[in-house]
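Line order of the protein sequences matches chains A and B. Counting from 25, one number per residue, gives the positions in the first sequence under our numbering. Counting from -10, one number per residue, gives the positions in the second sequence under our numbering. Every residue gets a Cβ at the ideal spot worked out from N, C-alpha and C, and that includes glycine. Worksheet for the structure shown next.
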Amino acid sequence: MRERFQIPLPFWRVQFQLLGGWRRTGIVAAICIAFIALGSYGVRRLLWAEPLVSVASYILNGIAGVQILVLVLGGCNAVYRAMSRDYTGKMIESHRLTPMSNAGIVLGYLFGPNLQILVLFVVNLICGGVLTALAKYPIPDWILGNLLLLSGAVTLWAMSLPPGLRQKTPISFVPFAVGFGVFSFIIAPLPAAGVLSCVYSMGAGFQVITGKLAASTSTGVVGALIAINLLLAAFWLDVAAVKYRRPDLPALNTWRGLVLLLFWLGFGIAGIAVDVKGGGFRTSSWDLIAWHRNQWVATLAFSLLLALPAIAGAVVCRARACADSPVRGPSDRVPALTVALIAAALICLAIGLIGPALFKDERFMAATVTGKVLSLVACVLAMLTAWAVYRLFNAISKRPMTIGTLLLIALWAVAPLVDCFRADLAATHYAQSEYSLLMACSPAGVFYTAWQPGPVPSWLMSGVVIQGVITAGLVVLSRIVTRRSA
Amino acid sequence: MGVLLTAHDVRVEFGPLVAVRDVSFEMSAGQLVGLVGPNGAGKTTLLRVLAGLHIPTRGMARVMGKPVLGEHEVVRHHIGFGPDSPPAYEDVTIRQFLEFIAGAYELSRSETAERMDFWLEQLWLTDKRDTLIKNLSRGMRQRVTLARTFLPRPHVVLLDEPLVGLDPAGRVQIRGVLNMLREQGCAMIVSSHILSDLEEISSHIAIIEQGRILRWDAADALHHDQDQRRTYQLITLDERPYSEIIEAIEGVGSLDRNGRTYTFDYHADDRQAAALLRRLLTADVPVLSFTMVKASLEEAYLRSGIRQVD
């Protein structure tokens, strides 16, 4: 019996055995079925007067909620616990000694500890299928909605792998997953963030399951979200595979970092385009044009942050490869400056071509030519600044990525925030105060100002010049320090 | 098989601390190097670099010509590393654990069964094969670690303190296993503080201190001091005193007499020792036996200038 049902992949098998194997899984499944049956019976008794269709609908909502909790929290926690156990027991090193492929290991961590969760998912799917029939919901919607939930959960499980494979203590992804749920009202307005954090998938999945969104009318959206989730899961699995083999090097190195930036820009632009055409999320209480303009500016501003892993990774890997050519890390031969310029080119492409082409009929895209040019310059300067800062801190600090990133965030965020604060203080009940040169000292501020209706303020150019001086100073400083430390 | 393991200019730095200092060596099939040194000397770090588990600051290790840090599967097939703290899954049986390891090394079902039976037998684990690992003693876990290391038949075996936690009979048995592997052509590095055990199995001894390999010699050569001070034992036929004659010979020191047995140090090579014997015979000393006394590894280790012994 045991031999017949033995899982063929050794790493999946041992992870499953560590959870108690088939016996424990059978017991858990039986408890789950009994819990749903008893719970359903209890609800039916309590709501005796209600029609069976309504009662089944309530229970279905409950099961959908439990399904999300089990898949997201249970699944991410199972992955973390498996990696944490291997880290404390040093089994991770035993795995690294074996010829098991990197992909095999990360897939093992993804699915091995989650086989029980997947069995529970199937049990819920079957029980929910029965209730769906009673509630007179279309069963294909139930199945499609669950598949969407599962694809989102698998993506989140994959995202939980890289922090668990750090060189030092693994980090649990559960708080992040909870944060995505709790702060979904902040995440959702930014299309790229909604897609990358799976907030859209889980929300849409829940709506399809509970009959609030008919899968038959939005099969394309559901299918696209499932496909995107699988793509993202594959991406994070690849990142985790790199981290597993070389925990000492940044996993979002060079190309992977640039792919993440591409995802951000792609999902961001596509999401806003869908939203503009009235197909997606919108807030009725706000001025829609301002709303979309803010989405666009926020997408551009955050794209600067999303470019940082690629540049930082390239600086660290390149320095390591230069220090000792035999000890090269993966894909670390690309000069960091090239990576910074590629990142700048991608964002500039979005600013200069794709964005305006997509939104040419919209009033909010009426940024002047000067505004667009200054945005492009600010973007290039920002990427050069990032390159110089990481290069500088890589030469003088043990934690160049953390310190460099904090400094860059401060450099880009403090000036506009201070200016907003100043403007709010100066504002009266009757008139809003204007922004100042301070706003233009940050690329995010330049994006914001350039895409405001009306002519470009005169201080925008001065702000960009100040940014240029700061960038030039940092480039020179990093060059001096790097030469000295070499 | 030629050179199996090479280290080229391996250096490991932890901030200002240099744990391994520009270590280079080559090891061929059938060599067993006993790695000795005080705590914190860099033994474990060096073994971890050789196994590909620690990325050196500089330099590299190669197994069968391939860098251990690369993506070469052949390397991982041929390295066996047994760390000092036995890693194993607690909630599986020994059989399940070894089946997993065999699967990880892509062994067929028949190979797995054959090798598992062999190593469980060799390491006295046959009766415990269906016991959960969490219920095993420290010594038994150590045996499981060794079984895990040897199961894939690696050509290069690196063992960090493999004899810790084993009872005397177990140590004898493991020494036998290591000798067997050495005869089969494995290149092995065994780090241990139990020098008497190392002395019995090592073909070479490496002494490491502060990350630097102080000596790397054939085990026999290490018994001689670097300044060629050797200890000799002379037994005479009668009990008459010959101390004055012996002491009069240039280079002889630290003479100790116990009845007919004289023990003394003599700074000389083999040819000069033969000349010494001729002089004793010429001086009518009735020599029954004249032998060089091998210094134990422990003495050799202490003579190498390292004072901290664990």
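| Query | Result |
| --- | --- |
| CA nearest to the CA of B:Ser180, picked from B:Phe3, B:Gly71, B:Gly(-9) and B:Lys55 | B:Gly71 |
| Residue-chain proximity (B:Leu320, chain A), Cβ-Cβ < 7 Å | Given a span of -10 to 299 for chain B in the structure shown, any question on residue 320 of chain B remains unanswerable. |
| Proximity winner among A:Ala102, A:Glu117, A:Met107 and A:Leu431, relative to B:Asp73 (alpha-carbon distances) | A:Glu117 |
| Neighbour flag for B:Glu62 against chain A, beta carbons, 7 Å | yes |
| For A:Ala212 and A:Leu173, the rounded distance between their alpha carbons | 17 Å |
| 7 Å Cβ cutoff, B:His67 in contact with chain A | no |
| Sheet register partners of A:Ser221 (DSSP bridge) | DSSP output for A:Ser221 lists no bridge partner at all. |
| Residue closest to B:Ser13, alpha-carbon to alpha-carbon, out of B:Arg137, B:Leu269 and B:Leu203 | B:Leu203 |
| Within 7 Å, strictly: CB atoms of A:Ala264 and A:Leu189 | yes |
| Limits of the unbroken beta strand (DSSP E) element including B:Ile194 | His193 to Glu198 |
| Below-7 Å beta-carbon distance, B:Asp119 vs any chain A residue | no |
| Whole-number beta carbon distance between A:Cys372 and A:Val404, since they are thought to touch under 8 Å | 7 Å |
| Three-state secondary structure assigned by DSSP to A:Ile31 | coil |
| A:Asn101 to A:Phe291 span [Cα, whole Å] | 28 Å |
| Selection of the stretch 70 to 83 of chain B by Cβ proximity to chain A, strictly under 8 Å | Phe70, Pro72, Ser74, Pro76, Ala77, Tyr78, Glu79, Asp80 and Val81 |
| Minimum Cβ-Cβ distance from B:Ala93 to chain A less than 7 Å | yes |
| Reduced DSSP secondary structure (H/G/I, E/B, other) of B:Gly242 | strand |
| Residues that DSSP places opposite B:Asp80 in a beta bridge | Bridge partners of B:Asp80: none, in fact. |
| Neighbourhood of A:Cys151 by C-beta distance below 6 Å, restricted to the same chain and skipping five residues each side | Ile60 |
| Where A:Phe417 falls: helix, strand or coil (DSSP) | helix |
| Three-state class that DSSP yields for B:Phe3 in the structure shown | strand |
| Sub-7 Å separation of B:Ile196 and B:Gly31 beta-carbons | no |
| Backbone CA spacing between A:Thr179 and B:His43 [nearest angstrom] | 30 Å |
| Status (buried if at least 16 other CB within 10 Å, exposed otherwise) for B:Met169 | exposed |
| Helix, strand or coil at B:Thr225 [DSSP, three-state] | strand |
| Residue interval of the beta strand (DSSP E) (run including A:Leu449) | Unbroken run through A:Leu449 is the alpha helix (DSSP H), Pro424 to Ala450; no beta strand (DSSP E). |
| Reduced DSSP secondary structure (H/G/I, E/B, other) of A:Ser81 | helix |
| Beta-carbon proximity check, A:Ser184 vs A:Phe197, cutoff 7 Å | yes |
| Distance between beta carbons of B:Gly92 and B:Ile68, contact taken as under 8 Å | Not really, about 18 Å apart at Cβ, beyond 8 Å. |
| Buried or exposed (CB count within 10 angstroms, at least 16 for buried), B:Tyr221 | buried |
| B:Lys55 in three-state terms, based on DSSP | strand |
| Buried versus exposed call for A:Thr362 [16 or more other C-beta atoms within 10 Å across all chains shown] | exposed |
| CB contact below 7 Å: A:Glu117 versus chain B | yes |
| Rounded straight-line distance, which links the Cα of B:Asp186 to that of B:Ser99 | 35 Å |
| For A:Thr193, the three-state DSSP class (helix, strand or coil) | coil |
| B:Pro76 vs A:Met115 beta-carbon contact at 7 Å | yes |
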